[in-house]
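For the sequence shown, UniProt numbering gives the first residue as 1, with consecutive numbering after it. Note that CB positions come from ideal geometry on N, CA and C, so glycine has one too. Notes follow once the structure below has been shown.
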Amino acid sequence: MRPGTLDTSDRPLVLIWELTQACGLACDHCRADAQPNRHPDELSTAAGKQLLEDAAEFGDGQLVVLSGGDPLVRDDVEELIAYGDDLGLRMTITPSGTGSLTADRIQAMADAGLKRMAVSIDGASPERHDDFRGETGSFEETIRAVDDARAAGLPVQVNTTVCRETVDELPEIRDLLREIGAVMWSVFFLVPVGRGRILEPIEPDEADAVMAWLDEVSDEEPFGVKTTEAPHYRRVSMQRRRREQEESADGTRDASGGEENPGIKRRGGIVAGDGFAFVSHTGEVFPSGFLPESAGNVRDRPIHEIYRDSELFRSLRDRDELTGKCGACEYRNLCGGSRSRAFATTGDPFASDPLCPYVPEGYDGPLPWDGNEFASAD
């Protein structure tokens with residue numbers, strides 16, 4: 001177990017349950033390639049309650065995120081939240097920004113024991129956001145839902161996708177988060193799966209620059225900042241803070257803080273399968289929703305057993321299994337690279353993350369640029 005971190009061999013920091021893939025939106029980045037209608041083989045209410053009972057075996061306070069599609073397509077959401085809350089789980093939800101997210105529904109979820117609600121904002125204006133989400137009025141519905149959540153006493157997290165289409169919106173989205181009182185900004189760096197395959201990712205050097213900017217934002221804003229599918233944010237932050245310490249020691253400037261970002265300490269090394277697990281709408285267990293390689297089904301085996309004992313999850317927790325420059329990197333235990341992006345671009349979850357521009361000193365092997373590892377470091 002790494003000092004100051006969760007024992008990720010025993011339990012995930014985040015367990016996501018995709019209640020359904022049904023959704024009224026057609027977002028450009030959708031991992032699930034969501035459809036209008038529910039799948040007939042979705043986990044039933046009874047099967048879902050069994051899943052929550054098994055999740056409680058991870059220990060008190062296990063974080064469970066109810067996602068979709070649009071989870072509010074189901075009419076048992078409040079019942080599931082209350083059941084999980086009674087089991088000692090921290091129940092949260094990521095609904096779609098549609099008319100299903102009414103003030104009454106939000107209040108009902110809060111009354112059932114919901115601890116946090118996350119909404120997606122991918123543009124700072126209605127035009128930019130609605131175009132990305134594929135639904136006119138989605139921005140207004142989302143902002144209205146944020147107000148309703150705050151009125152119900154629910155903390156609100158905002159999720160934002162980073163790709164070529166949205167990257168220039170980030171500064172204005174930051175300002176918007178401050179205005180609406182968000183408690184957390186979760187910034188997702190595009191993985192080319194589902195509908196996201198048609199979107200253009202930003203370049204590796206630009207990704208590092210965005211992460212350095214986000215690290216500054218985390219120091220300056222009242223809300224927290226975390227990244228999704230961008231674990232090298234931890235490397236970028238560590239390098240930035242080391243530079244500040246060195247400059248402070250040279251008397252050139254005052255360091256903003258010599259210790260690691262508390263969020264980095266808490267999430268050190270968390271990647272798909274290592275501190276993270278995803279249960280699909282039909283019960284398949286994946287290391288991440290963006291790494292659709294099944295390790296089993298919760299109908300056949302409890303989630304805590306699959307997470308702890310399956311060969312796939314155990315391998316993903318062994319950083320010595322990494323190949324290419326990720327395997328040679330001195331930051332592999334802090335970072336580990338996006339296993340989902342490696343899988344999406346090479347078919348190998350242990351390959352290098354093509355979004356990371358960092359090349360370890362002395363490494364002269366293949367590089368993952370353009371989604372492959374055929375280019376030489378020379």
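Measure the Cβ-Cβ separation of R116 and T92 and say whether it is below 7 Å.
In this structure, T92 lies closer than 7 Å to R116 by Cβ.
Take residue 381 as the anchor and find which of L15, S9 and R38 has the nearest alpha-carbon.
With the chain represented from 1 up to 378, any question about residue 381 goes unanswered, as that position is not in the structure.
At the level of alpha carbons, what is the spacing between D70 and D274?
Each residue's Cα considered, the two are about 26 Å apart.
Give me the Cα-Cα distance between R253 and E220, rounded to the nearest whole angstrom.
Low confidence applies here, because R253 scores a pLDDT of 40, under 50, leaving its location unreliable; read the following figure in that light. Cα to Cα, R253 sits roughly 17 Å from E220.
With DSSP run on the structure shown, which of helix, strand or coil describes K226?
In this structure, K226 counts as strand in the three-state DSSP scheme.
Indicate the three-state DSSP secondary structure (helix, strand or coil) for V279 in the structure shown.
In the structure shown, V279 sits in a strand (DSSP, three-state: E or B).
For the alpha helix (DSSP H) containing I106, list its first residue and its last residue.
Start and end: A103 to A112.
Going by beta carbon distance, what residues of the same chain come within less than 6 Å of W185, once the five residues before and after it are set aside?
Excluding sequence neighbours, W185 sits near V158, L177, F223 and V225.
In whole angstroms, give me the CA-to-CA distance for K265 and E284.
Unreliable placement is indicated for K265, whose pLDDT of 41 sits below 50; the coordinate value is still reported in the next sentence. Roughly 30 Å separates the two Cα atoms.
Please name the residue or residues paired with P201 in a DSSP beta bridge.
In the DSSP output, where bridge partners are listed per residue, P201 has none listed.
For the segment 340-353 and the segment 306-322, state whether three or more C-beta atom pairs, one from each stretch, are separated by less than 8 Å.
Yes, the segment 340-353 is in contact with the segment 306-322.
How long is the line joining the alpha carbons of L15 and P368, rounded to whole angstroms?
For L15 and P368, the distance between alpha carbons rounds to 29 Å.
Could you spell out the range, first to last residue, of the beta strand (DSSP E) harbouring F188?
Run containing F188: M184 to F189, per the beta strand (DSSP E) assignment.
R174 and V119 - do their beta-carbons sit closer together than 7 Å?
Taking 7 Å as the Cβ cut-off, V119 and R174 do not qualify as a contacting pair.
Since S9 is in the beta strand (DSSP E), which residue starts that stretch and which ends it?
S9 -> no beta strand (DSSP E), and no H or E assigned at all.
Check Q21 in the structure and name its three-state DSSP category.
Here Q21 sits in coil by DSSP.
Can you tell me where the alpha helix (DSSP H) holding T142 begins and where it ends?
That run of the alpha helix (DSSP H) goes S138 to A151.
Output needed for Y358: all residues of its chain with C-beta closer than 6 Å, excluding positions within five of it in sequence on either side, in chain order.
Same-chain partners within the cutoff: there are none.
Give the single residue among E57, Q107, A103 and Y233 whose Cα lies nearest to the Cα of A81.
Looking at the sequence shown, residue 81 is not Ala but Ile. If we check each option's Cα against that of I81, Q107 comes out closest.
Residue range of the alpha helix (DSSP H) that R308 falls in?
Note, R308: alpha helix (DSSP H), I303 to D309.
Which first and last residues belong to the alpha helix (DSSP H) in which L72 is found?
It is not in any alpha helix (DSSP H) - L72 carries neither H nor E in the DSSP assignment.
Is D130 buried or exposed, if buried means 16 or more other CB atoms sit within 10 Å of its CB?
Per the 10 Å Cβ criterion, buried.
Helix, strand or coil: how does DSSP classify I270 here?
In this structure, I270 counts as coil in the three-state DSSP scheme.
Would you check if the distance between the CB atom of T20 and the CB atom of G68 is smaller than 7 Å?
Cβ atoms of T20 and G68: closer than 7 Å.
May I ask you to verify whether the segment 201-212 touches the segment 162-171, counting CB pairs closer than 8 Å and requiring at least 3?
Yes, the segment 201-212 is in contact with the segment 162-171.
Comparing C-alpha positions only, which one of G99, S340, V167 and R243 sits nearest to D122?
The option with the nearest alpha carbon to D122 is V167.
Within this structure, are the beta carbons of S340 and V191 separated by less than 7 Å?
Yes, the pair counts as a contact, with Cβ atoms nearer than the cut-off.
Out of curiosity, what's the CA-to-CA distance linking E57 and H304?
Each residue's alpha carbon lies about 7 Å from the other.
Give me the Cα-Cα distance between I270 and E311, rounded to the nearest whole angstrom.
Distance between the alpha carbons of I270 and E311: 18 Å.
Helix, strand or coil for I93? Go by DSSP, reduced to three states.
In the structure shown, I93 sits in a strand (DSSP, three-state: E or B).
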